[in-house]
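Chains as they are written, first to last, in this note's numbering: chain W, 1 to 236; chain U, 1 to 363; chain R, 1 to 299.
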């Protein structure tokens, strides 16, 4: 069974329906990418899956129905969401940011061990451990946001436009980290991106979203070799 | 649902009926009711004026103010001082009070230029508390007579107005105050209406909804905010003048001179309908009615209210109002007038004139 | 010279009470972004509750603790129901609701306890006429010392809560970014309600200490304290707990000094105007306060 199974997901803001019935799957150990232009509903999809907005439809995590579970509880169940724009706690120190990610965990020693581990993976964060998170650069904040999400030891990481506002080199670093986590630790990732080229290089499978519906899906190879999609999204 | 066109004969018929009803009430009260009842209406009028003035600043321009009691007090004290110490005739005190209040209002607006929200509320809070404190200040007692206030503010007996016929004594004064207050209400209403429907009024609403956008569109924030505060203060002071004329007394702990007064004005405005022209008018009536009905709860138990509150040591009026305020915030953010409009629209809809067919006023 | 120390000692004790209430205002502002106009009245009602417990025979210290618990429940309850409901609709609405609370609580206190002979709340500390200590020639009553110590201890505990505990971390996180806090698994609703709860409990203590000093309880008990607390929070910066404490103590000392050295101009009656003018001056020239960083000015 899939790690994440979504069927007929419908969501919106107030009277405006943005998602009109989305189906998608994330298997264990996959990096699944959602591509689409601005306004396609990518962020809405993420927020619907992580419980930040009201939604209807089926959402199952390893077969367990989570359609009515709130965001805070989902963290305990193993979903961590790195929001668009990083969402770091600007006034808190770097290390405090990490600690918030582990809020739902109780074993103090393990949490401290994890903090050391992620400081190892992100050495630049270790250098700035007591600095105010708001004073970090965009790329460092993105690393921090990912590290914070990882502190809850999730099974599924939701990542919303990690490349937003970042220089290409930094973006490359971020994606390398994601790929390593996926290949070394088996972390499953659901990734939303506008930067299609970069995303396709790490993706196992891809969904193409257009105005609230999935218009195409397939493996990364299939999608990148499809001419019409290439023209529309990849600037062939 | 009955659809009628703006400006049509039916529309005028509807308006005439409304005006006729109001005229009927206005003539009925002073001629048929007891002088204490008439006095209550005058109280309601005074409140309406204050609430209308606050509405300009808070309802239409979105600037929080709980300092209007100071402007009320300025009006009241200006009138008392001028009449008692300098022998002015009461009519001119309205103008004097308005000028003084206008200047003070403009000054109070200065902080409003740079801060918003709770910080502006704090500044106006400070103004509201500062006023009675200043009045009681020993250094100013030569002017304000300190904590005991100014009393025996007398002016010539009821002037002879043909409409009043033969009136003397308490009865006469009550009727006189009724008509005087009503006139000031009407003037205030017309001033507010004129402002709201003008370009200036649209600038106010623009500021309320999005200051930055308003500034970008060419609204001069400084001039507009300062002016509206000044005008609002001037109007509020008129209510203060009326209060002094009515009771002959003004004190620093007096009716609407303290912070509590500002709160009551806010209450009246919100319950009636913030941002609407008739809201404060309806609110004033409701408030005075509620106050008079609950006044005796503590001493005698009457009806439903008595059953619920009979145990209380003192009148539950303010508690009821507090609860009403909360309910209004949730259920009827546009107050009673807003509610009425929603229901009214299910019965009658006035369709605006099609564009380009002569002048059409925005409703 | 001993006059100076007298004013300073008295000022510190009063200032500590202002600081307690000001901390409540700051906790609410940092935690939820609102100004609780009813902070003083909530404190006042809790003080009456403390008196009531004591009147029923509960030992005073326990009564105060119970009063703080009631305060917590009151604050949390109000936030979870009324405030949060209105906040979704409009910011100005929250202010109006807190004004409604102000009125309602004031009225409620008058209704429940209004007609009894003026309630006397005993002090938590020995307060006989000869219970004092002479320091630098000035009289420092045990009562005042006690007030200062208790207030400082509690403020210290609050700072510990914020800085060292997991819940304090959660509060700081929610204050910084409520959305991200949810995503980190922090029970945001609980934290928001707790902010108001903690603030209200601090207010209850502030009221009990003040009531002990003032002696007689009335519905207007905490109004001037609220003004002082607002001035302190404004001066210190609404998002700076440390600032609120320093400002509260400073205002306490400042008003004593000004009233004492300028009896003709300021004296006892005009002390409040010091606080009011402080509000004016700060908001006119440095709206974010001495230690705050809140964006007050319109972009």
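Note that CB positions come from ideal geometry on N, CA and C, so glycine has one too.
Predicted, not measured: the structure shown is a model, and the values here were computed from it.
- In this structure, DSSP gives residue 132/R an extended state, which the three-state scheme calls strand.
- In the three-state DSSP reduction, residue 8/W falls in the strand class (E or B).
- Rounded to whole angstroms, residue 73/W and residue 245/R show a C-alpha spacing of 37 Å.
- Listed as beta-bridge partners of residue 159/W by DSSP are 82/W, 191/W.
- Per the coordinates, the alpha-carbon of residue 242/R lies some 8 Å from the alpha-carbon of residue 291/R.
- Per DSSP, reduced to three states, the secondary structure at residue 255/U is coil, with no helix or strand assignment.
- Of all alpha-carbon atoms in 206/U, 324/U, 222/U, the one lying nearest the alpha-carbon of residue 115/U is that of 222/U.
- By the rule that beta-carbons nearer than 7 Å mark a contact, residue 20/W does not touch chain R.
- Residues of chain R whose Cβ lies closer than 9 Å to the Cβ of residue 74/U do not exist, since the nearest Cβ in that chain is about 16 Å away.
- Along the segment 71-96 of chain R, the positions whose C-beta sits under 8 Å from a C-beta of chain U are 82, 85, 86, 89, 90, 91, 92, 93, 95, 96, read in chain order.
- What residue 173/R touches in chain W, judged by beta-carbon distance under 7 Å, is 89, 92, 100, going in chain order.
- Contact of residue 182/R with chain W is assigned, a C-beta pair being separated by under 7 Å.
- Contact annotation: residue 36/U and residue 170/U have beta-carbon atoms that are not nearer than 7 Å.
- One alpha carbon belongs to residue 280/R, the other to residue 29/R, and they sit about 20 Å apart.
- Only those residues of the segment 97-122 of chain W whose C-beta falls short of 7 Å from the nearest C-beta of chain R are listed: 99, 100, 101, 103, 104.
- Among the residues facing chain R, residue 285/U is not included, as its CB has no counterpart in that chain under 7 Å away.
- Using a CB distance below 7 Å, the part of the segment 69-83 of chain W facing chain R consists of 71, 72, 75, 76, 81, 83, ordered along the chain.
- Nearest neighbour of residue 186/U by Cα position, chosen from 238/U, 61/U, 292/U, 31/U, turns out to be 238/U.
- DSSP places residue 197/U in no beta strand (DSSP E); its state is neither H nor E.
- Annotated three-state conformation of residue 141/R is strand, per DSSP.
- Counting only runs of 4+ residues, the alpha helix (DSSP H) found wholly inside the segment 16-65 of chain U occupies 35-54, in chain order.
- Under the Cβ distance rule, residue 269/U does not count among the residues neighbouring chain R, no pair being separated by less than 7 Å.
- Residue 268/R counts as exposed, since fewer than 16 other beta carbons sit within 10 angstroms of its beta carbon.
- One finds 111, 123, 126, 127, 130 in chain U with Cβ atoms closer than 9 Å to the Cβ of residue 280/R, taken in chain order.
- Residue burial annotation: residue 32/U is exposed, with fewer than 16 other C-beta atoms found within 10 angstroms of its C-beta.
- By alpha-carbon distance to residue 86/W, the top candidate from 38/W, 146/W, 30/W, 3/W is 146/W.
- The segment 177-193 of chain R makes contact with the segment 96-105 of chain W, as at least three CB pairs between them are under 8 Å.
- Each residue's CA atom was taken as its position, placing residue 262/U and residue 288/R some 26 Å apart.
- Beta-carbon to beta-carbon, residue 19/R and residue 248/R are separated by about 3 Å, close enough to satisfy the 8 Å threshold.
- Residue 329/U reaches chain R at 86, 93, 96, 97, counting residues in chain order whose Cβ is nearer than 7 Å.
- The Cβ-Cβ distance between residue 51/R and residue 161/R does not fall below 7 Å.
- In this structure, the beta-carbon distance from residue 7/W to residue 78/W does not fall below 7 Å.
- Within chain U, 133, 137 have C-beta atoms less than 7 Å from the C-beta of residue 270/R, given in sequence order.
- At the C-beta level, residue 24/W and residue 10/W stay beyond 7 Å of one another.
- Per DSSP, the beta-bridge partners of residue 219/W are 205/W.
- A straight line joining the alpha-carbon of residue 41/W with that of residue 212/W spans about 5 Å.
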